[in-house]
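Inspection log for the structure reproduced underneath, given as structure tokens.
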Amino acid sequence: MAPRIIELKSRKVIGISQEMSLVDNQTFELWKSFRVRSSEIKNRISENFISLQLFTNGYFDVFNPANRFVKWACVEVGSIENLPHEMSSLTIPGGSYAVFEHKGSVSPQDIFQYIYGEWIPKSKYQLDDRPHFEVLGAKYKFNNPTSEEEIWIPIKTK
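When we follow my numbering, the leftmost residue of the sequence shown carries the number 69, and every step to the right adds one.
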């Protein structure tokens, strides 16, 4: 599974976020609360949803599923004006990303284990300290074998 290497321009998103770990995974609850309110967001520039992770520097040095990170349920916007109550904005800085096309309902742990455990170490890239995210477009169907999504991993040359 070879990714596309994309040079991303900065993007603005609006959504809600929550600190969690893989052990204390609150992703379902986060998305449930965001989906019912996502129509409140003005200035959307696509119908896609974005699942975004902010990892602390060194998060991947020694993997521990109890390590905390911030997860966002969000959408891309043209501007951050008219921010809905109890929602926040974030700018995703531009830079290089490895974009993996993920199809099917294969366990997310399997695809991420491949990316972080095999592809990155064997590639000419290393992780960069920017947001990691998944683009959930029209073909995304939660836990469905026909689902499709894009996994965006921030990279820089070793």
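All C-beta atoms, glycine included, are put in the ideal place defined by N, C-alpha and C.
* Quick one: what's got a C-beta closer than 6 Å to residue 197's C-beta in the same chain, skipping five residues either side? -> Within the sequence shown, residue 197 is the residue found at index 129, counting from 1. Once the five neighbours on either side are set aside, the close Cβ partners of residue 197 are 125.
* Who are the near neighbours of residue 138 in its chain, counting only those whose CB is closer than 6 Å to its CB and skipping five residues on each side? -> As a first step, residue 138 must be located in the sequence shown, where it is residue number 70. Same-chain partners within the cutoff: 85, 87 and 122.
* **N- and C-terminal bounds of the alpha helix (DSSP H) containing residue 101** => To locate residue 101, count along the sequence shown from 1; it is residue 33. Segment 95-103, the alpha helix (DSSP H) holding residue 101.
* What separation, rounded to the nearest whole angstrom, lies between the Cα atoms of residue 80 and residue 142? -> Taking the sequence shown and counting its residues from 1, one reaches residue 80 at position 12. Taking the sequence shown and counting its residues from 1, one reaches residue 142 at position 74. Straight-line Cα distance between these residues: approximately 10 Å.
* Where are the alpha helix (DSSP H) runs, 4 residues long or more, that stay fully inside the segment 91-167, in chain order? -> Fully contained in the segment 91-167 are the following alpha helix (DSSP H) runs of length 4 or more, in chain order: 95-103.
* Determine, using beta-carbon pairs with one atom in the segment 148-162 and one in the segment 170-189, whether at least three such pairs fall under 8 Å. => Result no; under three Cβ-Cβ pairs closer than 8 Å.
* Asked: Cβ of residue 145 within 7 Å of Cβ of residue 112?
  -> Mapped onto the sequence shown, residue 145 falls at position 77. Mapped onto the sequence shown, residue 112 falls at position 44. Yes, they are a contact pair.
* Asked: Among 204, 73 and 152, which residue has its Cα nearest to the Cα of residue 114?
  -> As a first step, residue 114 must be located in the sequence shown, where it is residue number 46. Nearest option by C-alpha distance: 204.
* Asked: Looking at residue 208 and residue 217, is the spacing between their C-beta atoms short of 7 Å?
  -> Working through the sequence shown from its first residue, we reach residue 217 at position 149. Working through the sequence shown from its first residue, we reach residue 208 at position 140. For the pair residue 217 and residue 208, the CB atoms are nearer than the 7 Å cut-off.
* **From 140, 170, 211 and 129, residue whose alpha carbon lies closest to that of residue 184** => Numbered from 1 along the sequence shown, position 116 holds the residue referred to as residue 184. The candidate whose alpha carbon is nearest that of residue 184 is 129.
* Pairwise C-alpha distance: residue 222 and residue 167 -> The count along the sequence shown starts at 1 and reaches residue 167 at position 99. The count along the sequence shown starts at 1 and reaches residue 222 at position 154. Cα atoms of residue 167 and residue 222: separation of roughly 9 Å, rounded to the nearest angstrom.
* Which class does residue 190 belong to by DSSP, given the choice of helix, strand or coil? -> Walking along the sequence shown from the start, residue 190 turns up at place 122. Residue 190 sits in a helix when the DSSP states are folded into three classes.
* Alpha-carbon spacing of residue 118 relative to residue 202, whole angstroms -> The residue you call residue 118 lines up with position 50 of the sequence shown. The residue you call residue 202 lines up with position 134 of the sequence shown. It is roughly 6 Å from the alpha-carbon of residue 118 to the alpha-carbon of residue 202.
* Give a yes or no on whether the minimum CB-CB distance between residue 71 and chain D is below 7 Å. => In the structure shown, chain D does not exist; there is a single protein chain.
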